[in-house]
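The numbering of the sequence shown is this note's numbering, which starts it at 236 and goes up by one.
Cβ atoms here follow ideal geometry from the backbone N, Cα and C, with glycine treated the same way.
Quantities reported herein were computed from a predicted structural model and do not represent experimental measurements.
Have a look at the structure below before the remarks.
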Amino acid sequence: MRSPKLAVTLAFVYTAAANAQDVTFSFAANDSPQPTNQSTFAGSALDGGISSSRVLSNLLVESNVNRVLPLEIQSRFNSDFQLTFIESDRLTPNGQYLHSYFIDGSFWFDDDPYMVVTIENGVFTTLGEADRWGTAASIVASSDAGSIVSYEWLGDDNSDYSLFQGVNDESFSDAIFSLTNITSFPPIGPPQGTVGVDIDLATGLPEYNWTSDASFAGSTSFVPSPGSALVFGCGVLAMSRRKRRQ
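Here's what the structure looks like:
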């Protein structure tokens with residue numbers, strides 16, 4: 236039979252996990268320790284597809300709960316996204332255009348993934364001219380603002396970093412990518428590509444294949460399984476008893 240103190244401790248563990256973003260993930264553009272010319276994202280012409288295949292990256296895992304140094308995991312980043320055009324708005328008084336799209340899809344780390352993130356109703360935006368993107372864009376998704384952002388941790392449990400196997404609490408999750416160096420590859424053009432990318436005015440989608448670098452940050456909370464919560468709760472209870480004896 237569980238003691239009243241342990242029951243209270245477990246209730247605290249579940250409540251904390253359900254009401255905070257306990258862990259933050261991030262990687263910087265071109266942060267691979269191995270020299271590479273590989274871009275983070277590759278976009279396809281006319282259909283709004285965006286993907287990544289085994290891009291070297293250093294994923295940083297930072298606890299927002301415990302005072303521990305960031306955990307660094309050398310990984311292969313993969314993604315599969317789809318853009319759906321929303322609108323292009325002319326911004327006054329400077330005449331720039333803001334091109335907006337819904338973005339849906341997922342990204343994961345390593346071929347046998349230790350984490351998979353799924354996004355629904357995210358938003359992709361980029362500045363440019365009426366018929367083209369500029370060289371920078373962003374992808375933003377927040378479960379607190381109408382998106383669905385689902386993190387699934389498939390690696391080992393690590394309570395120091397609030398990592399527990401299973402799907403996160405989707406009520407408190409977000410993800411953002413900052414895209415730079417957007418380069419397109421028209422059939423007639425320099426082999427190194429052209430800055431920015433032209434878009435089809437009828438569909439709002441890129442007319443040519445394109446690539447970009449990108450950095451990433453996102454935060455969430457994983458709810459520990461009953462077994463993980465029991466182990467963690469016993470540890471918290473044991474530490475509190477030791478402190479009282481000192």
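{"Check": "Run of the beta strand (DSSP E) containing L294, from where it starts to where it stops", "Outcome": "G284 to S298"}
{"Check": "The beta strand (DSSP E) enclosing L362, as first and last residue numbers", "Outcome": "M350 to E364"}
{"Check": "Beta-carbon proximity of T370 to T415, cut-off 8 Å", "Outcome": "yes"}
{"Check": "Whether M443 touches S408 by CB criterion (8 Å)", "Outcome": "Note that residue 443 is Tyr in the sequence shown here, rather than Met. Result no, Cβ atoms of Y443 and S408 do not sit closer than 8 Å."}
{"Check": "Whether A376 touches A410 by CB criterion (8 Å)", "Outcome": "yes"}
{"Check": "Beta-carbon separation (whole angstroms), I374 vs F359, contact threshold 8 Å", "Outcome": "5 Å"}
{"Check": "Inter-residue Cα distance where the pair is F276 and S413", "Outcome": "11 Å"}
{"Check": "Run of the beta strand (DSSP E) containing I307, from where it starts to where it stops", "Outcome": "Residue identity differs from the one stated: residue 307 is Glu in this sequence, not Ile. Note, E307: beta strand (DSSP E), L306 to R325."}
{"Check": "Stretch-stretch touch, CB-based, cutoff 8 Å, three pairs: the stretch 327-340 with the stretch 293-307", "Outcome": "no"}
{"Check": "Closer than 8 Å to chain D by CB, G428", "Outcome": "As a matter of chain content, chain D is missing from the structure shown, which is built from one protein chain."}
{"Check": "Coarse secondary structure for Y443, derived from DSSP in three states", "Outcome": "coil"}
{"Check": "Contact set for N356: own chain, Cβ-Cβ below 8 Å, skip 5 residues either direction", "Outcome": "F337, D339, A376, G381, S382 and I383"}
{"Check": "Residue from T361, V303, Y386 and P421 with nearest C-alpha to V351", "Outcome": "Y386"}
{"Check": "L414, enclosing beta strand (DSSP E) - first and last residue", "Outcome": "D409 to S419"}
{"Check": "Same chain, Cβ closer than 7 Å to V290, neighbours up to 5 away in sequence not counted", "Outcome": "Q273, T275, R311 and F312"}
{"Check": "Spatial neighbours of Y349 in its chain, beta-carbon cut-off 7 Å, leaving aside the 5 residues before and after", "Outcome": "L389 and G390"}
{"Check": "I423, buried or exposed, once every other Cβ within 10 Å from all chains shown has been counted against 16", "Outcome": "exposed"}
{"Check": "Anticipated Cβ contact below 8 Å, W317 with G283, distance rounded", "Outcome": "One detail in the question is off: residue 317 reads as Gln in this sequence, not Trp. Their Cβ separation, rounded to whole angstroms, is 6 Å, which keeps Q317 and G283 in contact under 8 Å."}
{"Check": "Three-way DSSP call (helix, strand, coil) for A371 in this model", "Outcome": "strand"}
{"Check": "Residue environment, N301, which counts as buried when at least 16 other CB atoms sit within 10 Å", "Outcome": "exposed"}
{"Check": "Element boundaries [beta strand (DSSP E), containing Y396]", "Outcome": "Taken as a continuous stretch (DSSP letters only), Y396 belongs to no beta strand (DSSP E), as it is neither H nor E."}
{"Check": "Range of the contiguous beta strand (DSSP E) that encloses A277", "Outcome": "F276 to G278"}
{"Check": "Proximity below 8 Å, CB of D395 to CB of V258", "Outcome": "no"}
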